[in-house]
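Take the sequence shown: its letter number 72 is residue 519 in the numbering used here, and every next letter is one higher. Report on the following structure.
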Amino acid sequence: MMCNYYESNAERYAAETFSADMSEQYQRFLPLLKDRAKILDVGSGSGRDACYFQKHGYQVTALEPSKNLCREIRKVFSGEIVCSDIQNYQSVERYDGIWACASLIHLQEEEVLCFFKKIDMYLNNNGIVYASGKSGIFTGEVEDGRFFLEFTEQLVEKILTVNKQLKLEQLWYTEDVSGRRGFRWMNVVYRIIYN
448 MMCNYYESNA
458 ERYAAETFSA
468 DMSEQYQRFL
478 PLLKDRAKIL
488 DVGSGSGRDA
498 CYFQKHGYQV
508 TALEPSKNLC
518 REIRKVFSGE
528 IVCSDIQNYQ
538 SVERYDGIWA
548 CASLIHLQEE
558 EVLCFFKKID
568 MYLNNNGIVY
578 ASGKSGIFTG
588 EVEDGRFFLE
598 FTEQLVEKIL
608 TVNKQLKLEQ
618 LWYTEDVSGR
628 RGFRWMNVVY
638 RIIYN
């Protein structure tokens, strides 16, 4: 159901989101990684961020559940593309960083907590996770059929509770880069430290 929206609107969605300026978020995330680090781009969408990371020398895997969006990503990105959602993704390797920009917002809260609980399946020791979601919205389904989960500081706390190996590095709010009003983006960076 979730993918239906993106299957039907893949080309338009990719065109509308590819040029969004994410430089502030990149500047917070990338300095925490080593050169040529392996990054998993969760819910890669248009492939915008995967392309940026690849261009700057990182090894990137684009993970995207929508087949049609995977086709759009292939037009601009030469790295590995995996057509899967994060709930069913079986990684054969570990990453140094996970980038989940506006992608976990389509999951139920339990699914988000489950992802963070088992994040050691995906991350190397000292690995970094960036996640962003809308703050100030209602959790639930919108007119186009997509489900949105509001990102709150309570959710951040719950994530830290389900996985004691995660440490909160940064939390900050940004206005929507496309100029949309009525909500802010919550940006969170975690680091995982295996004891």
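From the three backbone atoms N, C-alpha and C, an ideal C-beta is built for every residue, glycine too. In this text, all values refer to a predicted model and were calculated from it rather than measured experimentally.
Endpoints, alpha helix (DSSP H) assigned at residue i
i	result
residue 547	Element bounds for residue 547: not the alpha helix (DSSP H) but the beta strand (DSSP E), 542-548.
residue 501	495-502
residue 518	514-523
residue 605	600-609
residue 465	No alpha helix (DSSP H) holds residue 465; DSSP gives it neither H nor E.
residue 470	470-476
Proximity to residue i [Cα-Cα], best of the options
i	options	result
residue 564	549, 480, 603	603
residue 595	551, 479, 642	551
residue 455	626, 514, 617	514
residue 493	557, 631, 482, 453	453
residue 487	469, 481, 613, 529	529
residue 463	637, 625, 631, 588	625
residue 627	584, 527, 502, 483	584
residue 457	505, 498, 519, 577	519
residue 545	491, 465, 609, 531	491
residue 481	575, 579, 612	575
Whole-Å CB distance - residue i paired with residue j, under 8 Å assumed
i	j	result
residue 571	residue 542	7 Å
residue 473	residue 510	Actually they do not touch by this definition, with Cβ atoms about 18 Å apart.
residue 641	residue 614	That pair is no contact at about 12 Å.
Helix, strand or coil at residue i according to DSSP, with G and I counted as helix
i	result
residue 460	helix
residue 567	helix
residue 533	coil
residue 551	helix
residue 448	Unreliable placement is indicated for residue 448, whose pLDDT of 43 sits below 50; no coordinate value is reported for it.
residue 486	strand
residue 625	coil
Which residues DSSP lists as bridging residue i, in chain order
i	result
residue 634	579, 619
residue 639	613
residue 594	588
residue 527	508
N-terminal and C-terminal residue of the beta strand (DSSP E) that residue i is part of
i	result
residue 506	506-510
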